[in-house]
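For the sequence shown, our numbering gives the first residue as -12, with consecutive numbering after it.
We put the CB at the ideal spot given by N, CA and C, even for glycine.
Since the model is a prediction, treat every value here as computed from it, not as a measurement.
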Amino acid sequence: MNLLQALAENPLFAGTAEAALSAFAARSREVCFAAGETVIAEGEQGESLFLLISGRLRVVVTHPERGPRIAAYIEPGESAGAIAILTGEPLSGSVIAEEPAQLLEISRAAFQELLPVHPADVARVLTRVFEVVERRQLAMAIHRHPLFAALPLHILRDLGAELKGRFLAGGETLFRQGEEGDALYLVISGRLRIIREVGKRPGILGETGAGEVVGEVAIIGDQQRLATVVAIRDTHLAALSKEGFHRFLAKHPLVAAPFFTRQLVAIATRPTLQRTPVIGTRSVALTGVTPGLDLHRFTLTLARALSQHMRVLHLTSRDVNESLGPDIAQMLDWDPRHANLLLWLNNKEHEYDCVLYEADSIESPWTDRCMRQADRILLVADAHAAAHIQPRFPHQSESGKPQVSLALMHAPSEEPRATAEWLRDYRVDHHHHLRWESLPDFQRLARFLTGRAIGVVLGGGFARGVAHAGVLRAIDELKIPIDAIGGTSMGALVGMEYLFGYSFEQMVEVTCHDGSTALHDWTLPLLALFNGKKLRRSIAQRTRGKKVEDLWLPYFAVATNLTSAGIAVLTDGPAEEAVLASSRVPGMFPPMVRGRDLLVDGGLVSNVPADVMKPFCGGPVIAVDVSNPTDFSAFRTEHSDVSGWRVLLSRLRTGGHSEPAPTIVSILMRCMELETDAYRQRMRSMSDLYLTPPVQHYRFNDFKHGRQIAEESYRYAYTELEKWLAETALSKATQAPAADTKS
């Protein structure tokens, strides 16, 4: 074989100067393979570029469920192993000789040696190699997506020819609501956020990640974009234009037209609001925001916790330089090697379930790249340092920024405090308290990052709310970690008791005591029947001035805002106020004043707020409903007009054994439980497990049977939770012992 001629005739080397061609030829060798022989094995470390001179090769990719599958054929003039020249990565598929094949092999070392000698020619060849890799990535994306994977190979090849690559930097807009649609987009890597404007108020509908399609409505009709789509992070897309789609249909009308019509209409007619956010995280950028913080130690510990759920890669600028060459991590976007770095990083994100990007301790191109490459940014701080150092990440619009979380680090024996100062200076979506020596704390953070955090939401029910103590006992004994807790009315109170370290016996005792005394705290009924002072004093003694944001676990209490006629989700401020506001039954207790708002019992708007917990924790939700679907069935009266004096006289005559009649207190309490079937169904749909302890036969003020209520609920919950654990895919890591999260 004339190596020089073979190189000159290959499209990758077209226009290359003779001196450079001769240098490449001197570093090349001819290799031959018989039919069925493997040229490149899947997972093999890439070291060479192969140019096919004669014969035919097939590319085989192993799918975890469908097994080996032919993804493409390589014809004379085409290449194999192109990615090896750019990154030296393990190959994602096997290349096998379909028939006797003659190839030219050029090592990666040859390119590295010749780049300083013939920079312009080698750079041109590498640019073309990158284009080949990009086209192959587009083809692989088609094979992975269920919309296309069922099509025959030759049809997929023609479809791939119509795809065009597109890159969006983090914060850049793909298209806007109301614009004319001209293409659909397949996400190869990165993440997009879908935003729908109703009136002048934008609302986030969800997020899409690798393998998802956006903008599909534009392909099947001349419709306007239904939403705005923004890149949360650097994102690679494959675009199929409307014109390209029509060309493709004209070429394969009998197979492609019916198939795509069915698939695209099914996707496009799906209600837009059914898109759900992508909760799990594929890449996290970590940066320290206080001097002297050991970010490397933190990232190593987090990687250890995450590894219980998935394959994790921890990357630093040093790791990148060791893999790709000196100073590669610190290159700027205009550097010719920039595309290779992006390709390498994207391949890592496909190879691993999660990549932790550890930023440098100083401002640097690598630190900026970490922030742009991430699905989520995690700021790590010494909780006792001054909260005035602003986070280092590029400013983006609210719609275009990734989620930002704050991890506040504490010594083992310290309690969180002054968190409000951090949250005032840092605009974050979530904050987490962790102790350096506590692996369970890092495991909890790992579950939040991966969409596995378990949230428990406790509903209102006054005396029946004592059942929550039994449910929490069952959860604890089954070693199901509680990563977030919230509730309404009595549920908010019991949830707070749990966070303050009360044993289950203590929960029953203090809850029954407080509930009983609250109903004997009478006052002149101008504003309410009871003044609530005894309950306030009791809760104040137990919460000890603690603020909600200083609790070890994320917590919320739901109240009703009479000022705005809506729901109030209390996640900050004094814990005492949060609990009291959530349990102020109107007419029974005076409203709680918070700022300019008047707050009363949350049961008016959401008695079992599973819909609040779902986005709050991002993972499985266990909801506990202790309300009574029916009540007052034993009450009867002959007339709609009832004289209170007559009822009182009857009770005095019979010693309190007269025909039962509803009291004003029981009526007010019942109003808190008037949930419709539609509401219950919606809360069930937002819950992964919806528990209804068998306590409906107990009255609203039946605190004298508190221990019995808790015990019956414990036995019921233990059985239901055991069945749930057996039926779901909760891993052993998820069920690992929880951290000490109580104050």
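Beta bridge counterpart(s) of residue i as assigned by DSSP
i, result
"isoleucine 93", "Ser15, Leu36"
"arginine 363", "Val271, Gln390"
"isoleucine 83", "Thr25, Arg45"
"valine 580", "Leu585"
"serine 228", "Ala170"
"histidine 417", "Ser392"
"glutamine 211", "Glu167"
"leucine 676", "Ile609"
"tyrosine 344", "Ala272, Leu302"
"proline 573", "Phe576"
"proline 596", "Partner(s): none; proline 596 has no beta bridge."
"glutamate 736", "The structure shown has nothing for residue 736, since the chain only spans -12 to 730."
"glycine 152", "Ala225"
"phenylalanine 162", "Val216"
"valine 458", "Answer by DSSP bridge pairing: none, since valine 458 is not bridged."
"tyrosine 60", "Arg45"
"valine 444", "Gly473, Ala610"
"alanine 67", "Phe37"
"proline 55", "Thr49"
"phenylalanine 20", "Ala88"
"isoleucine 554", "Thr547"
"valine 119", "Per DSSP, none; premise fails for valine 119."
"valine 201", "Tyr172"
Residue i and residue j closer than 8 angstroms at C-beta
i, j, result
"glutamate 29", "glycine 68", "no"
"threonine 498", "leucine 486", "no"
"glycine 196", "lysine 388", "no"
"leucine 393", "alanine 368", "yes"
"glycine 560", "valine 535", "yes"
"aspartate 362", "serine 304", "no"
"threonine 222", "leucine 155", "yes"
"valine 680", "alanine 346", "Correcting the residue type first, residue 680 is proline in the shown sequence and not valine. Against a cut-off of 8 angstroms, the Cβ pair of alanine 346 and proline 680 comes out as no contact."
"leucine 567", "isoleucine 526", "yes"
"leucine 150", "leucine 125", "yes"
"alanine 218", "leucine 171", "no"
"alanine 12", "leucine 38", "no"
"arginine 153", "leucine 73", "no"
"alanine 756", "alanine 456", "Residue 756 is absent from the model: the chain starts at -12 and stops at 730."
"aspartate 588", "serine 570", "yes"
"phenylalanine 491", "leucine 445", "no"
"valine 46", "valine 82", "yes"
"histidine 420", "proline 403", "yes"
"leucine 213", "valine 201", "no"
"alanine 555", "threonine 530", "no"
"glutamate 484", "methionine 477", "no"
"threonine 550", "arginine 583", "yes"
"valine 120", "isoleucine 40", "no"
"alanine 272", "methionine 358", "yes"
"leucine 289", "leucine 332", "no"
"aspartate 675", "proline 607", "yes"
"valine 682", "arginine 356", "no"
"proline 578", "leucine 586", "yes"
For residue j and residue i, believed in contact at Cβ under 8 angstroms, the rounded distance
i, j, result
"proline 596", "glycine 473", "7 angstroms"
"glutamine -8", "glycine 42", "With a Cβ gap of about 18 angstroms, glutamine -8 and glycine 42 do not count as contacting."
"glycine 482", "cysteine 604", "No, glycine 482 and cysteine 604 are not in contact; Cβ-Cβ is about 13 angstroms, not under 8 angstroms."
"threonine 286", "histidine 301", "6 angstroms"
"aspartate 340", "valine 299", "7 angstroms"
"alanine 84", "leucine 44", "6 angstroms"
"serine 66", "leucine 36", "6 angstroms"
Within-8 angstroms CB hit, residue i to chain B
i, result
"valine 342", "Given the protein chain composition of this structure (a single chain), no chain B is represented."
Inset, instruction - Pair every Cβ in the region 403 to 413 with every Cβ in the region 433 to 443, then say whether three or more of these pairs are closer than 8 angstroms. - result: no
Inset, instruction - Count the C-beta pairs between the region 57 to 71 and the region 101 to 111 that are closer than 8 angstroms, then say yes if the count reaches three, no if not. - result: no
Inset, instruction - Mind listing, in chain order, the continuous beta strand (DSSP E) runs of no fewer than 3 residues lying wholly within the region 465 to 552? - result: 471 to 475, 542 to 548
Legend entry - Touch test, the region 699 to 716 against the region 456 to 471, Cβ-Cβ under 8 angstroms, three pairs minimum: yes
Legend entry - Stretch pair the region 227 to 235 + the region 311 to 330: three plus CB contacts closer than 8 angstroms: no
Legend entry - Segment contact, 8 angstroms Cβ cut-off, at least three pairs: the region 394 to 409 with the region 534 to 551: yes
Legend entry - Segment contact, 8 angstroms Cβ cut-off, at least three pairs: the region 669 to 687 with the region 417 to 429: no
Legend entry - Inside the region 678 to 718 only - alpha helix (DSSP H) runs reaching at least 4 residues: Entirely contained in the region 678 to 718, the alpha helix (DSSP H) runs reaching 4 residues are, in chain order, 693 to 714.
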